[in-house]
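K.L.:
One structure follows; several queries about it will come next.
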Amino acid sequence: MRGRFITFEGGEGTGKSTHVAMLGERLRTFGIPTVLTREPGGSPGAEIMRYVLLSGAARPLGPNAEAVLFAAARDDHLNTLIRPALEQGKWVVCDRFADSTRIYQGVAGNVDTMAIRAMERIIVGNTKPDLTFILDVPAKEGMRRADTRRGADGPADRFEGEALTFHERLRDGFLTLAANEPDRCALIDATTSKDEVADQIWRVVLKKLNPATSPIQFDEAANA
Ligand code: T5A
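Taking the working numbering, the leading residue of the sequence shown gets 1, the next gets one more, and so forth.
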């Protein structure tokens, strides 16, 4: 039986990496083999594309080309890591996935929606997330958190360096996505403490994916 595929989405500094790690730890406590990964990247080939994209080296090529490069990285990641893990019954928790292309390149970068959807059909196909968490904080707060995490001297990457208005468009795009796909997407108020956010996320996982029905042994004792 196929494992479960969970993705985390949202703007910069909303806590995706933090909660991918916290959820992964909780799932493993329950005896569920879990693979934690990220985009862009997650496989050797896609990590090379990550460097090209986040260093800004591809920026002069424009948003259309960047969208194609994100899709190419995703293709490698899906083929070499995500699909094999799901086929083995593992749960895959991924920090960003195809929704980031829809929002960053589509909504904020003005890449044609039909082109983005066509690439998604070809690359993602049926490997759609079972559940997507959209972490929401005001854009200014997200940028403040990302700055703090990076440290005062760390350079901003390709997208962190964009203006506040760009980040506000991203937030609106993610909120619209959550409203349009309520069955798949769970909107999480990520302004509260890490533990409170993690509890909100765990309640949704229990309700929507019920780890007890995982094909892998569910260790109820771990919950005691
Ligand atoms: N991109 C990606 C595209 O444009 N198109 C695509 O298709 C894809 C896949 C990836 C970039 O690529 C773009 C989007 C991105 O710009 P990245 O380095 O992977 O870049 O960075 P991001 O995904 O943006 O993630 P960040 O590292 O900026 O932030 P996170 O992961 O959301 O946040 P996190 O967990 O690192 O937390 C940030 C700080 O806040 C603290 C943490 O401890 C940390 O210090 N924090 C909290 N503080 C207070 N309260 C809480 N509840 C907190 N939760 C976390």
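Glycine is no exception: its CB is placed at the ideal position from the N, C-alpha and C atoms.
Just so you know, these numbers come straight off a predicted model, no measurement behind them.
On the three-state DSSP scale, how would you describe Asp112?
P.N.:
As a first step, residue 112 must be located in the sequence shown, where it is residue number 112. Here Asp112 sits in coil by DSSP.
K.L.:
Under 8 Å, do Arg144 and Glu87 count as touching if we go by C-beta distance?
P.N.:
Position 144 of the sequence shown, counted from the first residue, corresponds to residue 144. Position 87 of the sequence shown, counted from the first residue, corresponds to residue 87. No. Outside cutoff.
K.L.:
Please classify Ser43 as buried or exposed, where buried requires at least 16 neighbouring CB atoms within 10 angstroms.
P.N.:
Residue 43 sits at position 43 when you count from the first residue of the sequence shown. By the neighbour-count rule (16 or more Cβ atoms within 10 Å), Ser43 is buried.
K.L.:
Please report the straight-line C-alpha distance between Lys194 and Thr37, rounded to a whole angstrom.
P.N.:
Residue mapping note: residue 194 aligns to position 194 of the sequence shown, counting from 1. Residue mapping note: residue 37 aligns to position 37 of the sequence shown, counting from 1. Rounded to whole angstroms, Lys194 to Thr37 spans 20 Å at the Cα level.
K.L.:
Could you check if Thr34 is buried or exposed, using at least 16 other CB atoms within 10 Å of its CB as the buried criterion?
P.N.:
Position 34 of the sequence shown, counted from the first residue, corresponds to residue 34. Buried is the call here.
K.L.:
Would you tell me roughly how many angstroms separate the C-alpha atoms of Phe218 and Trp202, rounded to the nearest one?
P.N.:
Against the sequence shown, residue 218 aligns to sequence position 218. Against the sequence shown, residue 202 aligns to sequence position 202. Residue placement at Phe218 is poorly supported in this model, since its pLDDT is 48, which falls under 50; the coordinates still yield a value, given next. C-alpha separation (whole angstroms): 15 Å.
K.L.:
Any heavy atom of the ligand T5A within a distance shorter than 7 Å of the CB on Tyr104?
P.N.:
Working through the sequence shown from its first residue, we reach residue 104 at position 104. At least one heavy atom of the ligand T5A is nearer than 7 Å to the Cβ of Tyr104, so yes.
K.L.:
CB Gly45 to CB Asp136, shorter than 8 Å?
P.N.:
Position 45 of the sequence shown holds residue 45. Position 136 of the sequence shown holds residue 136. The Cβ atoms of Gly45 and Asp136 lie no closer than 8 Å to each other.
K.L.:
Closer than 7 Å by C-beta to Ile116: which residues in its own chain qualify, once you throw out the five before and the five after it? Chain order, please.
P.N.:
Working through the sequence shown from its first residue, we reach residue 116 at position 116. Correct list, in chain order: Ala67, Thr101, Arg102, Gln105 and Gly106.
K.L.:
Compute the Euclidean distance between the alpha carbons of Leu69 and Gly24, then round it to the nearest angstrom.
P.N.:
One-based indexing of the sequence shown puts residue 69 at position 69. One-based indexing of the sequence shown puts residue 24 at position 24. Looking at the two C-alpha atoms, the distance is approximately 28 Å.
K.L.:
Should the region 173-192 be called in touch with the region 148-158, which here means at least 3 C-beta pairs below 8 Å?
P.N.:
In this structure the region 173-192 does not lie against the region 148-158, because fewer than three pairs of beta carbons, one per stretch, are closer than 8 Å.
K.L.:
Kindly indicate which three-state DSSP category Arg50 falls into: helix, strand or coil?
P.N.:
As a working mapping, residue 50 is identified with position 50 in the sequence shown. Arg50: helix per DSSP, three-state reduction.
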